[in-house]
Each structure stands twice: as C-alpha cells, then as structure tokens.
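Everything below concerns the one structure shown next.
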Amino acid sequence: MAKLIPILLILLGLGGGIGAGLWLRPVPEPEDIATEDLPMPELSHLDITLHDMQNQFMVPLLEGDRIVSVIVMSLTLEVASAEQDAVARNEPRLRDRFLQVMFDHANSGGFDGMFTSNNNMTLLRQALLETAQNLLGREAVTGVLITDILRSGA
669 MAKLIPILLI
679 LLGLGGGIGA
689 GLWLRPVPEP
699 EDIATEDLPM
709 PELSHLDITL
719 HDMQNQFMVP
729 LLEGDRIVSV
739 IVMSLTLEVA
749 SAEQDAVARN
759 EPRLRDRFLQ
769 VMFDHANSGG
779 FDGMFTSNNN
789 MTLLRQALLE
799 TAQNLLGREA
809 VTGVLITDIL
819 RSGA
C-alpha cells in the first residue's frame with residue numbers, strides 16, 4: 669500500500685498538468701484574409717502628402733495636484749499637397765490647439781487604463797482632425813496619424 673501512494677500521486681500530478689494545459693492553451697488565431705486578392709484603393713488622385721509635426725507632444729497626467737505620468741506622442745498630418753506650405757506656416761498654432769485637445773483628452777480620463785484602445789484612439793484622432801480642419805480648412809487636412817505614443821510613469 670505504501671508503494672502505491674507515490675504512483676497515485678504521480679498519476680494525479682500528470683492528470684492535473686494535462687488538464688491545466690488543455691484549459692489554458694492559447695486560442696487559435698483566425699485565418700488571415702489574403703490581401704493579394706483585395707484591390708488596393710487608388711490614392712494618387714487625392715494628391716496627399718504627409719507632414720510630420722516637428723517635435724513630440726508631452727502631456728502630463730495629474731492625480732490631484734501631482735504629476736503621476738507623462739504621455740509622449742508624435743503626430744503626422746495627411747495634407748493636400750497644395751496646402752503643405754500653409755500647414756508649415758501654421759504649425760505653431762496647430763501645436764497649441766493640438767496640445768489643448770490632448771490636455772482635454774487627458775483630463776477626461778482618455779489616457780487612463782487602456783489608453784490605446786480603439787475607442788480612445790479614435791476619439792483622440794477625430795478631435796485632432798476636427799481641430800486641424802477648423803484652423804486650416806477641410807480640404808487642407810484629411811487625416812491625423814498618431815505615429816508614436818508612450819506613457820511613462822505609473
């Protein structure tokens with residue numbers, strides 16, 4: 669009987685390990701859609717260029733009256749080629765208004781928790797696009813790309 673206990677413990681351990689492995693196995697990835705079959709949209713007729721904003725944006729995240737972390741973000745604008753010079757001339761105004769949008773987003777909790785969720789990023793992109801279009805016109809800026817984002821701190 670004493671010799672049977674170690675064998676039963678080994679079998680029980682193996683069974684538990686196999687059961688845990690099956691229960692915790694990763695979910696299989698869905699099959700990727702073949703992109704070769706899908707036609708790519710033609711963008712050449714839109715005549716859009718990309719304008720990188722010169723410096724990164726830094727947004728402090730406050731808890732009470734204390735800075736707990738900082739968001740560092742880089743933006744690129746999709747700009748009509750004819751408006752490239754106007755965007756460059758108005759970049760200080762754009763930076764000012766973009767910072768205000770980002771501060772408002774931070775104050776409303778947009779950078780808390782899962783700040784890179786699709787919903788949060790879509791809201792931020794839309795607010796930045798509306799701000800740029802209000803300043804430069806709808807035909808001048810067609811999109812805002814968040815090229816880098818980092819939250820440092822807690």
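Under the working numbering, the letters of the sequence shown match residues 669 to 822, in that order. For every residue, glycine included, the Cβ atom is placed at its ideal position computed from N, Cα and C.
Would you give the residue range spanned by the alpha helix (DSSP H) that L692 belongs to?
-> Neither: L692 is in no alpha helix (DSSP H) and is coded neither H nor E.
State buried or exposed for I686, treating a residue as buried only when at least 16 other CB atoms are found within 10 Å of its CB.
-> exposed
Residues of its chain near S749, where Cβ-Cβ distance is below 6 angstroms and the 5 sequence neighbours each way are ignored = D715, T717
Cβ of F779 within 7 angstroms of Cβ of I739?
-> yes
Through-space distance from L791 to M782, alpha-carbon basis | 14 angstroms
Helix, strand or coil: which one does DSSP assign to A748?
-> strand
Thinking just about the alpha-carbon of each residue, which of T744, L679, R734, W691 is nearest to the one in A800?
-> T744
Can you tell me the Cα-Cα spacing of M741 and A688, whole angstroms?
-> 41 angstroms
Secondary structure at T799, three-state DSSP: helix, strand or coil?
-> helix
Cβ-based burial, L676 [other Cβ within 10 Å; buried from 16] | exposed
Looking only at its own chain, which residues have a Cβ that is under 6 angstroms from the Cβ of L690, when we skip the five neighbours before and after it?
-> none
Residues in its own chain within less than 6 angstroms of H719 by CB, not counting five upstream and five downstream?
-> L745, V747, V755
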